[in-house]
Each structure stands twice: as structure tokens, then as C-alpha cells.
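Peer 1: Add 3 to a position in the sequence shown, counting from 1, and you land on the number used in my numbering. A virtual CB, placed ideally from N, CA and C, is assigned to each residue, including glycine.
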Amino acid sequence: MEMGKIGAWVSTNTLNREQLAELARGVDELGYDTLWYPESTTYESLTMGSFLLQNSTRLKVASGIANIYARDPFTAVAGHNSLNALYGDRFCLGLGVSHVPLVSGRRGHEYGKPVATMHAYLKAMESAEVDLSVPNRNLVLAALGPRMLELSRDMTEGALPYCVTPEHTVMAKEILGPDKWLCVEQKICFTEDEKVAREVATKNMARYLAMPNYRDNWLRIGFSESELEGGGNERFLDSMVL
4 MEMGKIGAWV
14 STNTLNREQL
24 AELARGVDEL
34 GYDTLWYPES
44 TTYESLTMGS
54 FLLQNSTRLK
64 VASGIANIYA
74 RDPFTAVAGH
84 NSLNALYGDR
94 FCLGLGVSHV
104 PLVSGRRGHE
114 YGKPVATMHA
124 YLKAMESAEV
134 DLSVPNRNLV
144 LAALGPRMLE
154 LSRDMTEGAL
164 PYCVTPEHTV
174 MAKEILGPDK
184 WLCVEQKICF
194 TEDEKVAREV
204 ATKNMARYLA
214 MPNYRDNWLR
224 IGFSESELEG
234 GGNERFLDSM
244 VL
């Protein structure tokens with residue numbers, strides 16, 4: 004698989020069957036390279052990937068991301084290989100450690116140290132004896148901090164940073180190097196009204212501000228605690244949503 008320059012990340016978890024089919028066809032027809040989708044508390048990730056692939060023709064489909072606590076490493080490899088064998092090498096498996104509320108709260112698992120847990124998961128994937136092979140290993144990691152970016156570089160095809168700034172992207176590119184995929188998510192609000200844009204940004208960012216992993220990264224890349232309070236100040240919101 005070769006990853007193109009422009010994709011679409013869409014929050015598919017609130018869409019019904021008809022809307023999802025229309026989305027896949029529309030993104031395909033518009034010429035986007037890849038359609039990225041999340042896994043939260045509704046649709047199961049690999050099932051969603053299969054449905055989007057079924058309703059498109061040339062479009063690549065990528066989980067952004069599949070929660071590693073939702074399936075064991077063998078199942079992750081089997082799912083990746085199955086979708087690529089059935090749909091012509093059009094699926095990219097994006098994996099992530101997710102967040103404590105979604106892992107311990109919703110799923111009842113113990114949330115481990117992110118980098119160590121992901122490393123162990125990837126090693127188990129490498130040794131999984133799945134009797135279905137595919138030519139390519141289309142695998143990326145949700146990565147924010149330097150250590151997870153290094154793991155992405157060393158054990159996968161690249162990284163999927165989420166809720167970051169251009170300065171973070173420069174840092175990520177330096178760590179990954181020229182030959183790895185850097186699939187950066189960027190939120191965009193189509194309006195010329197600054198007030199409306201910030202209202203949309205405030206509403207959209209509320210759920211992410213409640214997640215420690217994101218807050219830690221924002222502090223690491225130069226935002227202060229005060230800038231994150233009360234839904235985020237203007238500098239923060241304008242950095243997250245264009």
C-alpha cells in the first residue's frame with residue numbers, strides 16, 4: 004500500500020447504515036485517498052472497516068484508531084489480513100492505547116503504561132501464527148509523545164497524531180524520518196464567522212479536554228494549564244480547529 008497525501012477523518016460512530024454507505028461512496032467519488040474512522044463506544048472497528056470497504060471501490064479505509072484493549076494481537080493480525088485479502092490491499096490498521104475512561108471505565112481492563120503495553124502488543128502481533136498471509140503490513144500507531152513516535156518508526160509503517168499543532172508535526176517528522184507515513188489529523192470548520200468557528204471548536208474539543216493523554220501532550224508542546232481550562236482559550240481553539 005502507498006498512502007496518499009489527503010484523506011478524510013470522519014466521526015462515523017453517530018451515523019446509521021445508510022449514512023455510512025453514502026459517506027464511503029461520497030469520499031470515494033470525491034477523490035480522497037483514505038477514509039479514517041474512530042472506534043469509541045458504538046461500532047466495532049473491524050466491522051466498520053469492512054462495511055466502508057464494501058461500499059467503496061478504490062478508496063483506502065483506515066481505523067483511526069482501533070483500541071488494542073478491544074481485541075487480542077492474534078485477532079488484530081487476522082482482521083488486518085482478512086480485510087486486505089478480501090478488499091485488495093485497501094485497509095490500514097491504525098492501533099492505539101486509547102484512554103483510561105474508555106479502557107478501564109467502559110471495558111473493565113487495567114490500563115497499562117502506554118509505550119510498554121503497545122510494544123508488547125506489537126511483539127505479540129509479530130509472532131501471531133495466522134494462516135492467512137497478505138503481501139503488505141499496513142499498520143500505523145496513534146502517537147503523540149516522542150517515545151510512541153519512535154515505536155511507530157521502529158515497528159510499524161508510521162504514525163497517526165491526533166489533536167496536534169504544525170510544530171508537533173515537524174517534531175514527529177524528524178523522529179519518523181523520510182520513509183515513514185505521517186498521517187496527521189486536522190479539524191476544519193467551514194465558516195467565515197470567527198465566533199461560530201470558535202463555538203464549534205469549543206463543542207468539539209470538550210471531549211478531548213477530558214482525556215489525560217491529550218492534555219499531557221498539549222502541555223508538552225507548549226500550552227499552559229490555564230489555556231486548557233474552561234473549554235480552552237482562543238489560542239488553543241484556533242490551533243486545534245482551522
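Counting beta carbon pairs with one atom in the stretch 116 to 135 and one in the stretch 63 to 82, are three or more of them shorter than 8 Å?
Peer 2: Because the criterion of three Cβ pairs below 8 Å is met, the stretch 63 to 82 and the stretch 116 to 135 touch.
Peer 1: Assign TYR190 to one of three DSSP states: helix, strand, or coil.
Peer 2: By 1-based counting over the sequence shown, the position of residue 190 is 187. Sequence inspection shows Lys at residue 190; the Tyr mentioned does not correspond to that position. LYS190: strand per DSSP, three-state reduction.
Peer 1: CA-CA distance, PRO117 and GLY97?
Peer 2: In the sequence shown, the residue the question calls residue 117 occupies position 114. In the sequence shown, the residue the question calls residue 97 occupies position 94. When rounded, the distance between both Cα atoms is 15 Å.
Peer 1: In this structure, does DSSP put TYR40 in helix, strand or coil?
Peer 2: Numbered from 1 along the sequence shown, position 37 holds the residue referred to as residue 40. Residue state, collapsed to three classes: strand.
Peer 1: With the cut-off set at 8 Å, would you say LEU55 and LEU38 are in Cβ contact?
Peer 2: Here residue 55 corresponds to residue number 52 of the sequence shown, with the count starting at 1. Here residue 38 corresponds to residue number 35 of the sequence shown, with the count starting at 1. Yes, Cβ-Cβ distance for LEU55 and LEU38 is below 8 Å.
Peer 1: Quick one: what's got a C-beta closer than 6 Å to ARG110's C-beta in the same chain, skipping five residues either side?
Peer 2: Reading the sequence shown from its first residue, position 107 is the one you call residue 110. TYR72, listed in sequence order.
Peer 1: Determine the burial state of LYS63: buried for a count of at least 16 other Cβ atoms within 10 Å of its Cβ, exposed for fewer.
Peer 2: Here residue 63 refers to the residue found at position 60 when the sequence shown is read from its first residue. Buried, because 16 or more other Cβ atoms sit within 10 Å of the Cβ of LYS63.
Peer 1: Would you give the residue range spanned by the beta strand (DSSP E) that LYS63 belongs to?
Peer 2: As a working note, residue 63 is residue 60 in the sequence shown. LYS63 -> beta strand (DSSP E) spans 63 to 66.
Peer 1: Which term fits PHE239, buried or exposed, when burial requires 16 or more other beta carbons within 10 angstroms of its beta carbon?
Peer 2: Here residue 239 refers to the residue found at position 236 when the sequence shown is read from its first residue. Result: buried.
Peer 1: Heavy atom of the ligand GTP less than 7 Å from the Cβ of GLU228, yes or no?
Peer 2: With respect to the ligand GTP, the structure shown offers nothing to examine, as it has no ligands at all.
Peer 1: Can the beta-carbon of GLY67 be found closer than 8 Å to that of TYR40?
Peer 2: If you number the sequence shown from 1, residue 67 lands on position 64. If you number the sequence shown from 1, residue 40 lands on position 37. Taking 8 Å as the Cβ cut-off, GLY67 and TYR40 qualify as a contacting pair.
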